[in-house]
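Note sheet for the following structure.
Protein chains: 2
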Amino acid sequence: MDAAAGLAKVRAVTVSLPHNLRSDALDNRERILDAARAAFAAEGLNVPMREIARRAGVGSATLYRHFPTKQMLATEAFTDQLCACRAIVDEGLADPDPWHGFCLVIEKVCELHARNRGFAAAFRSAFPNAMDVTAGREYALNSVAELARRAMKAGHLRPDFVLDDLILMLMANDGIHATSPATRVAASRRFAALAIQAFQASPAASPLPPAVFTR
Amino acid sequence: MDAAAGLAKVRAVTVSLPHNLRSDALDNRERILDAARAAFAAEGLNVPMREIARRAGVGSATLYRHFPTKQMLATEAFTDQLCACRAIVDEGLADPDPWHGFCLVIEKVCELHARNRGFAAAFRSAFPNAMDVTAGREYALNSVAELARRAMKAGHLRPDFVLDDLILMLMANDGIHATSPATRVAASRRFAALAIQAFQASPAASPLPPAVFTR
């Protein structure tokens, strides 16, 4: 599927608003999205809808009028992050050195996920039916797969790397807790560097146990 | 601190029971511990005390009579895992090849944590004041530090490894989710092999970003 078309379709579905939406309704919508982003980023996707309504200072009825399901709310809240994720893999693909591009993707995606735990959870298919998250995720994964093929062919990526290893690393990256967001990002940075080391082709590398399909 | 003495002291504190504890009280105690182990292993340490009482089929008053705090309950529930963890690091230390011993510790501790998520959370100092968990944890960390020193001296462990990298890997390992416990263990096994690769000294290894103290 063409990812740009997929994202455009999704935006058309989720961003469509009645033409006469009044400005206080727009304010409410933005307040809800801000509260949702902050809540999902700090606590993941398990924050209840009523709690998001409370933090946004709107009633539950207002919340559900704008976003009938948590999936729709998360989808809209994560649009920016999806775009950021897409920009990262595009930057990686455009790199003339595929191994350098591959490393860049790992570093930047780990950091993006470390900064926003809700997005990491969404990306890891917590909402398998969230169309645009799925489309964005498939685009990212397909792009990284292409990058991995090139880096492997160039002899820099270990030949037994599979795409699920990237998912494994992103899940693991999401397990990193710290006393502050800044510390989490710094810890994630060191983790990404170690992950790159693990993925680098090396004559001394031992065979890996079988890959596990967690997707 | 001598770890054996620390653990003995802890057991003396937490395992001490009135001499005349009646057998039905002992049954309740075991039922509570079984329920707590299962709940903590599957869902981590956030399971409420009243839910553990419910699953054990006892009243909250009975639960609190046996274990006045969740810390005391977790401490007692994790005694076996602490012993297993200690046995693993002792086995690693006894290995004549320190790098082999170091790898063995990573593999086995990752698997132990993957099998028991509650223990992983406790080990990662979720209860900083739980004396025996702290004592067992310090013993394990000190032993691994000694093993790491030897493996580094032998030229197999990268010279910029710090003990916090092990904590980082254990946190990351705990982030691995899967549809079944068996899949989680298999995924964790592949993750441990990649972590070992990341820690192995290599002329091609790039410098790492600064270590982060998450403890």
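Those protein sequences? They're chains Y and D, same order as listed. So in our numbering the end of the first sequence lands on 215, straight run, no missing numbers. So in our numbering the end of the second sequence lands on 1215, straight run, no missing numbers. Glycine residues also receive a C-beta, built at the ideal position from the N, C-alpha and C atoms.
Problem set entry | Those residues which DSSP pairs with L1157 of chain D across a bridge | D:Q1200
Exercise. Whose C-alpha, out of Y:P68, Y:R37, Y:V212, Y:P96, is nearest the C-alpha of L82 of chain Y?
Worked result: Y:R37
For this session: Can you tell me which of the three DSSP states N28 of chain Y falls into?
Result: helix
Exercise. How would you write the range of the alpha helix (DSSP H) that D1174 of chain D sits in, first residue to last?
Worked result: 1163–1174
Problem set entry | Within chain Y, the residues that I1176 of chain D reaches when beta carbons sit closer than 8 Å | L168, M171, A172, G175, T214
Exercise. Taking 8 Å as the CB-CB limit, is A74 of chain Y close to chain D?
Worked result: no
For this session: Please compile the residues from chain Y whose C-beta is within a distance smaller than 8 Å of the C-beta of D1165 of chain D.
Result: R190, L194
For this session: For the alpha helix (DSSP H) containing S1060 of chain D, list its first residue and its last residue.
Result: 1060–1066
Exercise. Does L208 of chain Y come within less than 8 Å of chain D when only Cβ atoms are used?
Worked result: yes
Problem set entry | Buried versus exposed call for N173 of chain Y [16 or more other C-beta atoms within 10 Å across all chains shown] | buried
Problem set entry | C-alpha gap between D95 of chain Y and A1042 of chain D, whole angstroms | 43 Å
Exercise. Around the Cβ of D1024 of chain D, are there at least 16 other Cβ atoms within 10 angstroms (buried) or fewer (exposed)?
Worked result: exposed
Exercise. So, is the C-beta of Q1071 of chain D closer than 8 Å to a C-beta in chain Y?
Worked result: no
Exercise. Whose Cβ in chain Y lies nearer than 7 Å to the Cβ of F1202 of chain D?
Worked result: The amino acid occupying residue 1202 of chain D in the given sequence is Ser; Phe does not appear at that position. Those within 7 Å of S1202 of chain D in chain Y are S202, A204.
Problem set entry | Continuous alpha helix (DSSP H) stretch holding F1102 of chain D: start and end | 1098–1115
Exercise. Among Y:L73, Y:D164, Y:H66, Y:V185, which one has its Cα closest to the Cα of A1178 of chain D?
Worked result: Y:D164
Problem set entry | Spatial neighbours of G1155 of chain D in its chain, beta-carbon cut-off 8 Å, leaving aside the 5 residues before and after | A1201
For this session: Kindly indicate which three-state DSSP category N129 of chain Y falls into: helix, strand or coil?
Result: For N129 of chain Y, the predicted model reports a pLDDT of 48, less than 50, meaning its position is unreliable; a value from the coordinates is still stated below. Residue state, collapsed to three classes: coil.
Exercise. The alpha helix (DSSP H) spanning G1092 of chain D covers which residue range?
Worked result: 1079–1094
Exercise. Since A225 of chain Y meets chain D, which of its residues come closer than 7 Å, beta carbon to beta carbon?
Worked result: Shown here, chain Y extends from 1 to 215; a query on residue 225 of chain Y therefore has no answer.
Problem set entry | Contacts around R1050 of chain D, its chain only, beta-carbon distance under 6 Å, and the 5 residues preceding and following it disregarded | S1060
Exercise. Using the C-alpha atoms, what's the distance from C1085 of chain D back to A1193 of chain D?
Worked result: 19 Å
Exercise. At what residues does the alpha helix (DSSP H) containing A1056 of chain D begin and finish?
Worked result: 1049–1056
For this session: Return no unless some Cβ of chain Y is closer than 8 Å to the Cβ of N1129 of chain D.
Result: For N1129 of chain D, the predicted structure reports a pLDDT of 48, less than 50, and the residue's modelled location is therefore unreliable. A value from the coordinates is still provided. Not closer than 8 Å to any Cβ of chain Y, the Cβ of N1129 of chain D fails to qualify, so no.
For this session: Using beta-carbon positions only, say whether A1035 of chain D and R1055 of chain D come within less than 8 Å of one another.
Result: yes
For this session: Using only alpha-carbon positions, find the residue among D:F1040, D:R1029, D:A1205 that is nearest to F1119 of chain D.
Result: D:F1040
Exercise. Using 8 Å as the threshold, is the segment 1092–1106 of chain D in touch with the segment 1136–1152 of chain D, meaning 3 or more CB pairs across them?
Worked result: yes
Problem set entry | Proximal residues to P159 of chain Y (C-beta, below 8 Å), its chain only, five neighbours per side dropped | M152, A201
Problem set entry | Within chain D, partners of A186 of chain Y - CB distance below 8 Å | P1209, P1210, V1212
Problem set entry | Cβ distance (whole Å) where F78 of chain Y is taken to contact G92 of chain Y below 8 Å | Actually they do not touch by this definition, with Cβ atoms about 20 Å apart.
Problem set entry | Sequence-distant residues of the same chain with beta carbon closer than 6 Å to T62 of chain Y, five excluded per side | N28
For this session: May I have the straight-line CA-CA distance separating L1033 of chain D from L1073 of chain D, to the nearest angstrom?
Result: 7 Å
Problem set entry | DSSP three-state assignment for A1145 of chain D, whether helix, strand or coil | helix
Exercise. How long is the line joining the alpha carbons of R1117 of chain D and P1181 of chain D, rounded to whole angstroms?
Worked result: 10 Å
Exercise. Taking Cβ positions only, does S1125 of chain D come closer than 8 Å to chain Y?
Worked result: Residue confidence for S1125 of chain D is low, a pLDDT of 48 falling below 50, so the modelled location carries little weight and cannot support an answer.
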